[in-house]
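Residue numbers (my numbering): 20 to 187.
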């Protein structure tokens, strides 16, 4: 952990994870997003070291990241669920269109198929906001998926699409 960044040397292990869709190469290092670092820490594939405090636990890492991003838990729950379903998940575009998700077996071969918006159950989403997300995803040639996180941290996915009723 270096400030706000999670960096690793490009060794055999980090290069293996790069191939599985974790991290990005940047300035002779491998840089991981906070969500990737949380996931790899939780499943025991990564140890995060802080110069002053040594090895950080999952809970300590989560607490630090929550100070900067109050929605990180919601986003992490969605990320973890998608990874457990064997999808490759990469950072999306901003705080709303949070993740790009690749079809199984297509990472590195084809662009992401889905844009995923995580929201908490019960949160209001206006039609205007939904239209905005749809327009962006359509321009990027991706399918929009709304990931709703309930109070038990279970995720339900809804695929959003436009329907032209003139031809029905």
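Ideal Cβ placement from N, Cα and C applies to all residues, glycine included. Everything numeric in this text was worked out from a predicted model, so none of it was measured.
By the three-class DSSP mapping on this structure, what secondary structure does residue i have?
{"i": "residue 56", "result": "helix"}
{"i": "residue 38", "result": "helix"}
{"i": "residue 131", "result": "coil"}
{"i": "residue 151", "result": "helix"}
{"i": "residue 181", "result": "coil"}
{"i": "residue 46", "result": "coil"}
{"i": "residue 103", "result": "helix"}
{"i": "residue 30", "result": "coil"}
{"i": "residue 125", "result": "coil"}
Given this structure, state the Cα-to-Cα distance separating residue i from residue j, to the nearest angstrom.
{"i": "residue 88", "j": "residue 185", "result": "43 Å"}
{"i": "residue 91", "j": "residue 113", "result": "13 Å"}
{"i": "residue 106", "j": "residue 72", "result": "33 Å"}
{"i": "residue 57", "j": "residue 110", "result": "14 Å"}
{"i": "residue 146", "j": "residue 179", "result": "12 Å"}
{"i": "residue 74", "j": "residue 24", "result": "15 Å"}
{"i": "residue 161", "j": "residue 183", "result": "18 Å"}
{"i": "residue 176", "j": "residue 94", "result": "13 Å"}
{"i": "residue 158", "j": "residue 149", "result": "14 Å"}
{"i": "residue 48", "j": "residue 26", "result": "6 Å"}
{"i": "residue 79", "j": "residue 134", "result": "29 Å"}
{"i": "residue 82", "j": "residue 60", "result": "14 Å"}
{"i": "residue 188", "j": "residue 115", "result": "The first residue shown for the chain is 20 and the last is 187, placing residue 188 beyond what the model contains."}
{"i": "residue 124", "j": "residue 84", "result": "30 Å"}
{"i": "residue 65", "j": "residue 141", "result": "34 Å"}
{"i": "residue 167", "j": "residue 46", "result": "36 Å"}
Within 10 angstroms of the Cβ of residue i, are there 16 or more other Cβ atoms? Answer buried if so, exposed if not.
{"i": "residue 69", "result": "exposed"}
{"i": "residue 154", "result": "exposed"}
{"i": "residue 76", "result": "exposed"}
{"i": "residue 139", "result": "exposed"}
{"i": "residue 117", "result": "buried"}
{"i": "residue 137", "result": "buried"}
{"i": "residue 32", "result": "exposed"}
Can you give me the start and stop residues for the beta strand (DSSP E) that residue i sits inside?
{"i": "residue 117", "result": "116-121"}
{"i": "residue 144", "result": "Unbroken run through residue 144: none, as it is neither H nor E."}
{"i": "residue 239", "result": "Because residue 239 is not part of the residues shown, which for the chain are 20 to 187, the question remains open."}
{"i": "residue 62", "result": "Counting along the chain, residue 62 falls outside any beta strand (DSSP E), and DSSP gives it neither H nor E."}
Since residue i is in the alpha helix (DSSP H), which residue starts that stretch and which ends it?
{"i": "residue 110", "result": "From DSSP, residue 110 is part of no alpha helix (DSSP H) but of the beta strand (DSSP E) over 107-112."}
{"i": "residue 171", "result": "First-last for residue 171: undefined, no H or E at that position."}
{"i": "residue 79", "result": "77-87"}
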